[in-house]
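Engineer:
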Amino acid sequence: MFDWVEQLFRGIWQSIVGLYEIRRGLGTVAMHALRPPTTEVYPDIVPPLPAHFRGRLALTVNPETGEHLCISCRQCERVCPDKCIEITAHKSPETNKLELIDFKIDHGLCMFCGLCTEVCPTYCIINTNDFEMADYTRESLVYDLKKLTLTQEESAYYFDRKENPLPKPKPAKAAPAAQGAAPAAAGKAATAEKPAPAGAGQTAQTKAATEGESAKEAETKSPDAQVAPEAPPKLSNDEGKSDEAKPENESGEGPRQG
Amino acid sequence: MATEIKSDRLKTDEMIINMGPQHPATHGVLRLILKLDGEIVRHVEPVLGHLHRAQEWQGQNRTWFQYQALIDRVDYLSGMFTSWALARASEHVDGTEVPERAEYLRVLASELNRISSHLLWLGTYLIDLGALYGFPFYPFREREKILTFLEEISGQRMMFNYIRIGGVQRDPKADWFKRVEAFTKEFPERVNEYEAIVTENPIFLDRTTGVGVLPKSLAMEYGVTGPSLRASGINYDLRRFKPYSVYDKLKFDVITFDKDGDTRDRYLARVREMRQSNEIIKQVIDMIPQGDIMAKTKKQNAGLRVKAGEGFAAVESPRGVLGCYVVSNGSDKPYRFRWRNPSFSNLSVLPPLLIDRPIADVMAIFGSLDIILPDVDR
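Chains A and B, in that order, give the protein sequences.
First residue of the first sequence: 1, per this note's numbering; consecutive thereafter.
First residue of the second sequence: 1, per this note's numbering; consecutive thereafter.
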């Protein structure tokens, strides 16, 4: 019978509580006017990015000598989940050493996982802090060697920030050794008959065997690469694998020999 | 409260309406086929698969190393947990001992990620309820700080690829821990702010109290997990129920509610979970030991392999129990994957919750379940 009275009082009470709560919420919002803004004026102020930020991919050079650090080992090409890296290299007839001709990264395909930077033995391929890569066409997202390679100053900056070990000792004391080791390694892979100086060669062979690739293929393929001035741009996995073993030799033996 | 709807006087023809897939509140591309009687929902049919990316199949066509980088994309708001489930399952298969410091770092990174996931949920849920102005930016402000922390250790804000098979990717520096600690001290105050704005707000109460009541039995029938299950009063948290990693050394209680959970309880469960995660982070920073961050037997390069065998492991993700079943044949590629994604089970309980509710409640209920569509479709 007195339901309406009860309802009335309940309604009044609810209104009072509600008004109090709304005031509390609004007060909290209003207090934000007194705080410094947390937003950043982006195009004018670039946010400070951490050293290991995974931005645009780039290739470093030796910060001191300006020598390109890529040894065409194709590890990044092999590990890339999106197959967006394309390396063109050939064996130079004079030095019998792999020479980098072109290095293409399709940033339209890249998912910025950073796996290529993790496997790179010479810390050549890195993620820069650059993320402003918008462009007008898809084709312009394919960066070639010239566009990818950083200057000496930039390389020094990234080597310092990422705390990657500098390639200092190599040019200082192991530069001749590295040069000496490279032909040996290349020659070994090319003929696959020379006795391997270290266990590295064996591992390379076993790897090749496990991956269902016969050593003959490596033999037949690498002379081709020697004769032809340009390796075919679309390399099959086999060649990538046969080449993949070399940097381990080089990086493993170079300092030891020197 | 607007819980009782008298509709028998307003009988109309049923109308079929497609909600989504391009609907701003469906958190991705969910399509709901609603049969409406006036404003009342009489039948619901969720249509899934718009975001199907064959994540399991892709796993069989990539090496272990490559798949680790991909798997963060399954649940993009909590990538740490998918990585962790994969890592735990793989470690279970070949019996890898993970260094203790790596385990603590995993807990630390994951709890940070849990907070960031809940913060995003809080902001977007309030948008779903109509609070379009201002409020969503407050949780995003804190989320931004957390993402900066995670970016620093992993390299990216959301696709972390931080937790690896055998350990973690990178050891943070000492000042990183200090900054995280400073954040954990100010964070509870920020949660108080959100609660002052939202929790007792009469509009919020009207929209959520008694809406979308999920009884215990229904939740268990449909396999609902995570905060939605705990809000319904079931004391089930994998971190306590089956402690993995170092959770058995940490002090925290499972957040449960006494009654059948409605939408507001699910909101409260997540807010309390944020505070709880914050406490866990504090403990972890105090307890973290020195040492290795990667098992000696595992190398993070193309040669990463897992011994032949099968194994299952699950983690408590922000959305529920995230399980991963791995079959390995010892080669560089996984043989088979099977994921148990929490969002899928949580979404399947949506139709019974929506029946006989007005269409305005659809988003309130759907949002409260915290569903990520890539996690549903994989």
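Yeah, the Cβ is synthetic: ideal placement off N, Cα and C, and Gly gets one too.
#1: Under a three-way DSSP split, which group does Glu310 of chain B fall into?
#2: Have a look at B:Gln66, B:His118, B:Gln156, B:Arg170 and flag the residue whose alpha-carbon is nearest the alpha-carbon of Pro139 of chain B.
#3: Could you tell me the alpha carbon to alpha carbon distance between Thr82 of chain B and Phe160 of chain B, rounded to whole angstroms?
#4: If you reduce the DSSP assignment to three classes, tell me which class His107 of chain A lands in.
#5: Name, please, each residue of chain B whose Cβ falls closer than 7 angstroms to the Cβ of Pro50 of chain A.
#6: Taking CB distances under 8 angstroms as the criterion, tell me whether Phe65 of chain B reaches chain A.
#7: For Met159 of chain B, which three-state DSSP category applies?
#8: Which chain B residues sit within Cβ distance under 9 angstroms of Asn127 of chain A?
#9: Can you give, in chain order, each stretch of the alpha helix (DSSP H) that sits fully within the stretch 231–259 of chain B and has at least 4 residues?
#10: Between Leu361 of chain B and the rest of its own chain, which residues show a CB-CB distance below 6 angstroms, the 5 nearest in sequence each way excluded?
#11: Where are the alpha helix (DSSP H) runs, 4 residues long or more, that stay fully inside the stretch 108–182 of chain B, in chain order?
#12: Kindly indicate which three-state DSSP category Pro358 of chain B falls into: helix, strand or coil?
#13: First and last residue of the beta strand (DSSP E) that includes Arg305 of chain B?
#14: When you compare the stretch 59–73 of chain A with the stretch 123–134 of chain A, are there three or more beta-carbon pairs, one atom per stretch, that lie closer than 8 angstroms?
#15: Could you give the residue range of the beta strand (DSSP E) that holds Asp130 of chain A?
#16: Distance check for Pro334 of chain B and Asn18 of chain B, CA to CA, integer angstroms please.
#17: Is the shortest distance between the beta-carbon of Gly134 of chain B and the beta-carbons of chain A less than 8 angstroms?
#18: Can you list, in chain order, the residues of its chain whose CB lies under 8 angstroms from that of Phe312 of chain B, leaving out five sequence neighbours each side?
#19: By DSSP, does His27 of chain B sit in helix, in strand, or in coil?
#20: Taking only beta-carbon atoms, is Gly66 of chain A less than 8 angstroms away from chain D?
#21: Using a Cβ cut-off of 8 angstroms (strictly closer), state whether Val29 of chain A contacts chain B.
#22: Taking 8 angstroms as the threshold (beta carbon to beta carbon), is Thr206 of chain A in contact with chain B?
#23: Comparing alpha-carbon positions, which option in B:Thr208, B:Ile365, B:Asn346, B:Ile355 lies nearest Ile372 of chain B?
#24: Go ahead and pull the three-state DSSP assignment for Trp13 of chain A.
#25: Any Cβ of chain A within less than 8 angstroms of the Cβ of Arg378 of chain B?
#26: Mind pulling the alpha helix (DSSP H) runs of 4 or more residues that sit fully within the stretch 22–107 of chain A?
#27: Any C-beta of chain A sitting closer than 8 angstroms to the C-beta of Gln300 of chain B?
#28: Where does His92 of chain B sit, in a helix, a strand or coil, going by DSSP?
#29: Along the alpha helix (DSSP H) that carries Glu221 of chain B, what are the first and last residues, could you check?
Structural biologist: The relevant details are as follows:
#1: DSSP places Glu310 of chain B in strand when its eight states are reduced to three.
#2: Measuring from the Cα of Pro139 of chain B, the nearest candidate turns out to be B:His118.
#3: So the alpha carbons of these two residues sit roughly 10 angstroms apart.
#4: His107 of chain A falls in the coil class under three-state DSSP.
#5: Listed along chain B are Glu151, Glu152, each with a C-beta nearer than 7 angstroms to that of Pro50 of chain A.
#6: Under the Cβ distance rule, Phe65 of chain B counts among the residues neighbouring chain A, one pair being separated by less than 8 angstroms.
#7: It is coil, neither helix nor strand.
#8: Simply Gly155.
#9: Qualifying alpha helix (DSSP H) stretches, in chain order: 238–241.
#10: For the record, residue 361 of chain B in the displayed sequence is Asp; it is not Leu. Within its own chain, the residues whose Cβ lies closer than 6 angstroms to the Cβ of Asp361 of chain B, once the five positions on either side in sequence are excluded, are Val211, listed in chain order.
#11: Within the stretch 108–182 of chain B, the complete alpha helix (DSSP H) runs of at least 4 residues are 137–154.
#12: Strand, per DSSP.
#13: Neither: Arg305 of chain B is in no beta strand (DSSP E) and is coded neither H nor E.
#14: With a cut-off of 8 angstroms, the stretch 123–134 of chain A and the stretch 59–73 of chain A count as touching, because enough Cβ pairs lie within range.
#15: Segment: none, Asp130 of chain A is in no beta strand (DSSP E) and carries neither H nor E.
#16: When rounded, the distance between both Cα atoms is 39 angstroms.
#17: It does; some Cβ of chain A falls within 8 angstroms.
#18: Cβ within range, chain order: Ala89, His92, Gly323, Cys324, Tyr325, Val326.
#19: Three-state DSSP puts His27 of chain B in coil, outside helix and strand.
#20: Among the chains of the structure shown, chain D does not appear; the protein chains present are A and B.
#21: Yes - at least one Cβ of chain B is within 8 angstroms of the one on Val29 of chain A.
#22: Low local confidence applies: a pLDDT of 41 at Thr206 of chain A is under 50, so the model's placement there is unreliable, with the coordinate-based value given in what follows. By this cut-off, Thr206 of chain A is not an interface position.
#23: Nearest neighbour of Ile372 of chain B by Cα position, chosen from B:Thr208, B:Ile365, B:Asn346, B:Ile355, turns out to be B:Asn346.
#24: Here Trp13 of chain A sits in helix by DSSP.
#25: Not an interface residue.
#26: Here the runs fully enclosed are 75–79.
#27: Taking Cβ atoms only, chain A reaches closer than 8 angstroms to Gln300 of chain B, which makes this a yes.
#28: Correct three-state label for His92 of chain B: helix.
#29: Note, Glu221 of chain B: alpha helix (DSSP H), 216–222.
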